[in-house]
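Student:
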Amino acid sequence: MTDSVLFQAFVYLAAAVIFVPIAKRLGLGAVLGYLIAGVIVGPYVAGFVGTEGHHVMHFAEFGVVMMLFIVGLELRPALLWELRKPILGLGGMQVALTAVLVGGAAMAFGVGWKPALAVGLTFACSSTAIVLSTLAERGLLKTSGGQSAFSVLLMQDIAVIPTLALFPVLGIAAATQITEITDVTSEAGRPAWLSGLFVLGAVVAVIASGRLVVRPLFRFLAGARLRESFTAAALMIVIGIALLMQSVGLSPALGTFLAGVALADSEYRHELETDIDPFKGLLLGLFFISVGAQIDFGLIAGDPLGIAGIVLGTMTLKLIALYVLGRIFKLDRPSRWLLAFSLAQIGEFAFVLLSFGVQQRVFSEAFASPLVAAVAISMVLTPPMFIILERYVLPRVTEKGEQRPHDKVHDDHDAPVVIAGYGRFGQMVGRILRANKIPVTILDLDPEMVDIVTRLGIKVYYGDASRMDLLEAAGMGHARLFVLAVDDKEQATAIAENVRHHFPKVPIIARARDRQHYWDLRRLGIKKVFRETFSSAYESAIEALIQLGYRANTAHRLARRWRDHEEKVLEELGELWGKDRDGYVSRVKAGFDEAERLMRDEDPTVYEDRDGSWDNESLRADRQVDAQSTETTTS
Amino acid sequence: MRRVLILFAHPVLERSRVNRRLMEAVNDLDGVTIQDLYEAYPTLSIDVAREQQLLVEHDVIVFQHPFYWYSCPAILKEWQDLVLEHGWAYGKGGTQLRGKTTLNAVTTGGPEVAYQKGGYNRFTVRELLTPWDQTAHLCGMKFLAPFAVHSALKISSDADIATARIAYRTLIEALRDDRIDLDRAAAAENLASELEHVLGPREVA
Chain A
1418 MTDSVLFQAF VYLAAAVIFV PIAKRLGLGA VLGYLIAGVI VGPYVAGFVG TEGHHVMHFA
1478 EFGVVMMLFI VGLELRPALL WELRKPILGL GGMQVALTAV LVGGAAMAFG VGWKPALAVG
1538 LTFACSSTAI VLSTLAERGL LKTSGGQSAF SVLLMQDIAV IPTLALFPVL GIAAATQITE
1598 ITDVTSEAGR PAWLSGLFVL GAVVAVIASG RLVVRPLFRF LAGARLRESF TAAALMIVIG
1658 IALLMQSVGL SPALGTFLAG VALADSEYRH ELETDIDPFK GLLLGLFFIS VGAQIDFGLI
1718 AGDPLGIAGI VLGTMTLKLI ALYVLGRIFK LDRPSRWLLA FSLAQIGEFA FVLLSFGVQQ
1778 RVFSEAFASP LVAAVAISMV LTPPMFIILE RYVLPRVTEK GEQRPHDKVH DDHDAPVVIA
1838 GYGRFGQMVG RILRANKIPV TILDLDPEMV DIVTRLGIKV YYGDASRMDL LEAAGMGHAR
1898 LFVLAVDDKE QATAIAENVR HHFPKVPIIA RARDRQHYWD LRRLGIKKVF RETFSSAYES
1958 AIEALIQLGY RANTAHRLAR RWRDHEEKVL EELGELWGKD RDGYVSRVKA GFDEAERLMR
2018 DEDPTVYEDR DGSWDNESLR ADRQVDAQST ETTTS
Chain B
295 MRRVLILFAH PVLERSRVNR RLMEAVNDLD GVTIQDLYEA YPTLSIDVAR EQQLLVEHDV
355 IVFQHPFYWY SCPAILKEWQ DLVLEHGWAY GKGGTQLRGK TTLNAVTTGG PEVAYQKGGY
415 NRFTVRELLT PWDQTAHLCG MKFLAPFAVH SALKISSDAD IATARIAYRT LIEALRDDRI
475 DLDRAAAAEN LASELEHVLG PREVA
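Quick mapping for you: the protein sequence lines, in order, are chains A and B. Sequential numbering of the first sequence, starting at 1418, is according to the working numbering. Sequential numbering of the second sequence, starting at 295, is according to the working numbering.
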């Protein structure tokens, strides 16, 4: 039974459900939680997961691909261009310097120059999966240190391609023996220039199709209003790009990253992000668990000091290299330390490269095995490294006044207002806010509306505001106001309830379809609820009075008076509604009478009646009572 | 011919006894524009550009209103605050109103004797209009004595204010036709009772 897929799935999910929240509660972060879970379910502790963990890991690596797609979605092309210097300069130097240092160290321990170079290049890579997840989890991704780390990771992804090409040269195996290994597919028989052309063609195809194919496809799917087909399409695109990239020998992660960038300006960006995100999360979790499960404790027990030496030595060398480069590239001190601490581990590409190296006979199986264990351990050590960084290092190197190194925020979702629903109602609110130069993030679920408004040059995101993850992506975490203007009653109430729960600090202005809806929303604790037709009906009533010969000022004043009363009655009726049917009906009737009385001229509170009391006999009567004034002149 | 603008402010015209009748006495005159402020701006949201344009197009500005709390109804205050802009009506470059003539045509509930030293309102209407006087001065306008109709609440028919109606019409016509001695009018106390004194000789038709 333990072999069944469902049992395996249950073990992985249960591990995630149990250990991740505990780790988070202890302040260790989700990534470490997954890794610990992996160790515990793995063959050396509980033994629920055996050798098949290896296959699970390859499958779960797809989470990294998805993550880079999402990272790409958040990175507009202009921003990527801005990062060209850190990517090529900082990233390129990091790979070269680390390869030289680690390779040199290996040679110092008596390793031949060929395997030493291979190990150096392999260990130069850091873990995209762990680093990006941890940075995002700690809100450090948009800081300058985080951006530098990201740039380096991107360059490492690119560097894997020439590294894979180099291994057969370093190895003693013949190039023709290359068989398929995860990321690299057979390029055999193809001349180098043709391969290059294929790669170039694939990249162009990915970028072009982002604009020419994906957007019309999503518009078409959005028209069909089927959420699952949307999700399916999003997954299809990511997997399709990954396959295309593999077929030309490029890293799938890099390909989907480019596709993400190509779609970063698209109105479907939030939707894509939200659709892919849960898959990414689950697969990455699975990936981290399998990394934890893979740690071969038997091997470690055989040579604990040797492996610890490899891990600590490599991480120290990487840390020094990164810190020095951060200095050369003029990062401020907190950013330098963040860069060094975050990228000191060895990444998941090392698993691929090490097994590829064994296959190409660059080095032997016995040589690679402790290295594989070292890689896994260094990955597990990354979350603790972040904890050390945040608790002990950053407070010392950060100048007074700043808590964390967040100077350059690359985020266009810091608009203070999020508007859900951009139809007749939301548009009016949005237009007035925009006219006052207040940035708004707009979500709407009507593809035609999105198209029309987008054509007017206004950025509208196609997306379902009832999904909290999407609202989160739209910047609700730091919004100052949420305008709920969707037209569906039940949906609006559900959104309101969720928003109150998930973003309790964000005030809501809500559109109500009718009285019942108004009370529903009020009962959720929303203070500012507006019945959608009330104001226009109110204006019409004023105009009706004017048309019937009332002075404009009088019509307005009477209407205002009526409205104040109406609002008071509405609140009272809200208390009765759904509880006391008879009380409700009699309150409505009483309200009619009150309004009539209020409008009647005799009502002493009606403004114009005071006319009679101004500067006439009564004024003088009062004055006569006043002891100070005995001398009054009468005519 | 000088063009006359009557800026009219009464929040409840339908209940007016005097102001309505006075307005009706002049609303058929050529060269006279009546701007009914409460009707034009019931929410007190005043169109400044339009109001300034009206001022530019006229030579005599008459503020006609009931004498609320020894001054004007709220909308006229709002009108002053918004329309009389710095750099337009006064201050550097504020010359748009220079050389124009202005006065207040007011109705009071109390009798004339109440509006004097020793009376229960202690001051004359003219004295109480001192802020208007200074406003006109600052804007370079000639400020004339008010046209004040007293004991407005005792009036209930056209016949009751026949004299005031004729006087008001005569005054507006005289302002329009430039047949008024402006210096005398500026020095007077109440144009409603001193009209003969300030009118120039009637032109021979």
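Note that the Cβ used here is the ideal one computed from N, Cα and C, for glycine as well. Source: prediction; values computed, not measured.
Go ahead and label residue 2053 (chain A) buried or exposed: buried means 16 or more other beta carbons lie within 10 angstroms of its beta carbon, across all protein chains shown.
Tutor: A question about residue 2053 (chain A) goes unanswered here, because the residues of chain A that appear run from 1418 up to 2052.
Student: How about residue 1915 (chain A): is its C-beta nearer than 8 Å to some C-beta of chain B?
Tutor: Not one chain B Cβ lies under 8 Å of residue 1915 (chain A).
Student: Residue 1560 (chain A) by DSSP, collapsed to three states: which one?
Tutor: Coil, per DSSP.
Student: Per the DSSP calculation, residue 360 (chain B) is bridged to which residue(s)?
Tutor: Residue 360 (chain B) pairs with B:401.
Student: Ignore the nearest five residues each way along the sequence and tell me which others in residue 1806 (chain A)'s own chain have a CB closer than 7 Å to its CB.
Tutor: For residue 1806 (chain A), where only same-chain residues beyond five positions count, the Cβ hits under 7 Å are 1754, 1755 and 1758.
Student: Check whether the Cβ of residue 1852 (chain A) lies closer than 8 Å to any Cβ atom in chain B.
Tutor: By this cut-off, residue 1852 (chain A) is not an interface position.
Student: Using 8 Å as the threshold, is the stretch 457–467 of chain B in touch with the stretch 423–430 of chain B, meaning 3 or more CB pairs across them?
Tutor: Result no; under three Cβ-Cβ pairs closer than 8 Å.
Student: Measuring CA to CA, which of A:1447, A:1953 and A:1555 is closest to residue 1808 (chain A)?
Tutor: Residue A:1555 is the option with its Cα nearest to residue 1808 (chain A).
Student: Which residues bound the alpha helix (DSSP H) around residue 1746 (chain A)?
Tutor: Looking at the DSSP string, residue 1746 (chain A) is not in any alpha helix (DSSP H), and its letter there is neither H nor E.
Student: Who are the neighbours of residue 1972 (chain A) on chain B, taking C-beta pairs under 9 Å?
Tutor: Those within 9 Å of residue 1972 (chain A) in chain B are 336.
Student: Between residue 1991 (chain A) and the rest of its own chain, which residues show a CB-CB distance below 7 Å, the 5 nearest in sequence each way excluded?
Tutor: Result list for residue 1991 (chain A): 1936 and 1939, in chain order.
Student: What does the alpha-carbon distance come out to for the pair residue 1694 (chain A) and residue 1682 (chain A)?
Tutor: Spanning the two alpha carbons is a distance of roughly 18 Å.
Student: When we look at the beta-carbon of residue 1854 (chain A) and count the other beta-carbons within 10 Å, is it buried (16 or more) or exposed?
Tutor: Exposed: under 16 other Cβ atoms inside 10 Å.
Student: Check this for me: beta carbons of residue 392 (chain B) and residue 353 (chain B), under 8 Å apart or not?
Tutor: No, they are not a contact pair.
Student: Can you grab the Cα-Cα spacing for the pair residue 492 (chain B) / residue 408 (chain B), in whole Å?
Tutor: Cα to Cα, the separation comes out at about 24 Å.
Student: Give the straight-line distance between the Cα atoms of residue 370 (chain B) and residue 1999 (chain A), rounded to the nearest whole angstrom.
Tutor: In a straight line, the C-alpha of residue 370 (chain B) is about 50 Å away from that of residue 1999 (chain A).
Student: If we call anything under 8 Å between Cβ atoms a contact, is residue 437 (chain B) one with residue 399 (chain B)?
Tutor: Not in contact: residue 437 (chain B) and residue 399 (chain B) (Cβ atoms no closer than 8 Å).
Student: Which whole-angstrom value describes the C-beta separation of residue 326 (chain B) and residue 470 (chain B), a residue pair presumed to lie in contact below a C-beta threshold of 8 Å?
Tutor: Their Cβ separation, rounded to whole angstroms, is 6 Å, which keeps residue 326 (chain B) and residue 470 (chain B) in contact under 8 Å.
Student: Counting only Cβ pairs nearer than 9 Å, list the residues of chain A close to residue 307 (chain B).
Tutor: Per Cβ cutoff of 9 Å: 1968, 1970 and 1971.
Student: With DSSP as the reference, please indicate the residues paired to residue 380 (chain B) in a beta bridge.
Tutor: Its beta-bridge partners are B:384.
Student: So residue 1858 (chain A) is in the beta strand (DSSP E); what residue range does that whole segment cover?
Tutor: Unbroken beta strand (DSSP E) run through residue 1858 (chain A): 1857–1861.
Student: So with CB distances below 8 Å, who are the chain A contacts of residue 332 (chain B)?
Tutor: Going along chain A in sequence order, the residues near residue 332 (chain B) (Cβ under 8 Å) are 1968, 1969 and 1970.
Student: Report back the beta-carbon spacing between residue 1433 (chain A) and residue 1706 (chain A) to the nearest angstrom; my notes put them in contact at under 8 Å.
Tutor: The pair is a contact, with the Cβ atoms about 7 Å apart (cut-off 8 Å).
Student: Just verifying my parser: in three-state terms, what is the DSSP assignment at residue 326 (chain B)?
Tutor: Three-state DSSP puts residue 326 (chain B) in a strand.
Student: Under the rule that 16 or more other beta-carbon atoms within 10 Å means buried, what is residue 2013 (chain A), buried or exposed?
Tutor: By the 10 Å Cβ count, residue 2013 (chain A) comes out exposed.
Student: Tell me where the beta strand (DSSP E) around residue 1642 (chain A) begins and ends.
Tutor: That residue, residue 1642 (chain A), is in no beta strand (DSSP E); it is neither H nor E in DSSP.
Student: Assign residue 396 (chain B) to one of three DSSP states: helix, strand, or coil.
Tutor: Here residue 396 (chain B) sits in strand by DSSP.
Student: If you check the beta carbons only, do residue 418 (chain B) and residue 361 (chain B) fall under 8 Å apart?
Tutor: No, the pair does not count as a contact, with Cβ atoms beyond the cut-off.
Student: Could you tell me which residues DSSP pairs with residue 301 (chain B) in its beta bridges?
Tutor: In the DSSP output, where bridge partners are listed per residue, residue 301 (chain B) has B:329 and B:357.
Student: Mapping the DSSP letters down to three states, classify residue 474 (chain B) as helix, strand or coil.
Tutor: In the structure shown, residue 474 (chain B) sits in a strand (DSSP, three-state: E or B).
Student: Would DSSP call residue 1955 (chain A) helix, strand or coil?
Tutor: Helix.
Student: Residues bridged to residue 1879 (chain A) by DSSP?
Tutor: The partner list for residue 1879 (chain A) (beta bridge, DSSP) reads A:1861.
Student: Count the CB pairs spanning the stretch 1943–1953 of chain A and the stretch 1966–1974 of chain A that are closer than 8 Å, and state whether there are at least three.
Tutor: The stretch 1943–1953 of chain A is not in contact with the stretch 1966–1974 of chain A.
Student: At least one CB of chain B closer than 8 Å to the CB of residue 1912 (chain A): is that the case?
Tutor: Not closer than 8 Å to any Cβ of chain B, the Cβ of residue 1912 (chain A) fails to qualify, so no.
Student: Below 8 Å, can you find three or more Cβ-Cβ pairs linking the stretch 1577–1589 of chain A to the stretch 1536–1553 of chain A?
Tutor: Counting Cβ pairs under 8 Å, three or more are found: they touch.
Student: Return the first residue and the last residue of the beta strand (DSSP E) that residue 1898 (chain A) is part of.
Tutor: That run of the beta strand (DSSP E) goes 1898–1901.
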